[in-house]
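Reviewing the structure listed below.
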Amino acid sequence: MTKRALLVIDMLNDFILPQGSLTVGPAGEEIVPLIAQKIAEFREAGQAVIYICDNHKADDPEFAMFPPHCIAGTPGAEIIGALAPQRGELIIPKRRYSAFFATQLDLCLREMGITELVLVGVCTNICVLYTACDARMRTYDVTVLRDAVASFDPEAHDFALEQMENVLGVEVK
Ligand code: ZN
């Protein structure tokens with residue numbers, strides 16, 4: 001049996017709260033109950049829940065493209081209260097779109113013997129897409145739950161799901 005992990009991507013105050021500095025809007029709030037349900041299912045089954053968290057320097061170069069958000073040490077960078085991690089669950093800070101870029105994620109997954117990843121969170125066409133891409137390049141099996149990912153851009157959301165399914169070999173369900 002393969003070992004699975006749930007990757008909860010960027011469910012942070014600045015992205016999900018209506019007043020967040022880079023809020024996804026209603027689409028981001030709508031996925032919270034299903035993600036909460038998936039987190040509960042993985043915990044119940046003894047499978048890993050891993051939080052992937054945008055965590056920027058105050059002068060991060062990404063802010064040339066996007067308004068400042070998820071600055072390390074600020075409330076905006078914290079996981080939303082409704083999806084709070086439990087003691088011992090892995091939290092992976094990242095400064096780029098991919099959860100694999102310059103982070104400990106790959107090392108941690110290999111140490112845990114995990115070969116299959118289930119992705120939920122935001123944004124479908126940015127951090128979910130590029131994390132799925134890097135996971136597939138590393139030959140992890142990847143599933144994306146279509147009703148548990150969201151974007152501020154519905155067309156880009158649809159395009160990203162199509163690319164993940166047809167080009168990356170992600171199971172979209
Ligand atoms: Zn960012």
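Each residue of the sequence shown is one higher than the last, beginning at 1 in the working numbering. Idealized CB from N, CA, C, for every residue including glycine. Please read these numbers as outputs of a predicted model, since none were measured by experiment.
Residue i: which of the options sits nearest, CA to CA?
i	options	result
I50	D59, V118, D14 and F15	V118
C70	V128, E165 and D14	D14
D134	G25, E89, A156 and M164	M164
A84	D10, V167 and K3	D10
V144	A58, N125, L12 and G88	N125
R43	P75, E78, E89 and A64	E89
V8	E162, I91 and E155	I91
Tell me, please, which residues DSSP counts as bridged to residue i.
i	result
H56	I71
E171	T143
P93	C53
I9	I52 and G121
R4	E116
V149	G121
For the alpha helix (DSSP H) that contains residue i, what are its first and last residues?
i	result
V32	V32 to E44
I79	Counting along the chain, I79 falls outside any alpha helix (DSSP H), and DSSP gives it neither H nor E.
E162	P154 to N166
M137	L129 to M137
Tell me the residue span of the beta strand (DSSP E) that contains residue i.
i	result
E116	I114 to V122
Contact check, residue i vs residue j under 8 Å by CB: the rounded distance?
i	j	result
L22	P61	At roughly 16 Å, the Cβ-Cβ gap does not stay under 8 Å, so L22 and P61 are not in contact.
T115	K3	6 Å
Practice problem: Give every residue whose Cβ lies closer than 7 Å to any heavy atom of the ligand ZN, listed in chain order. | Solution: D54, H56, E62, F66, H69 and C70
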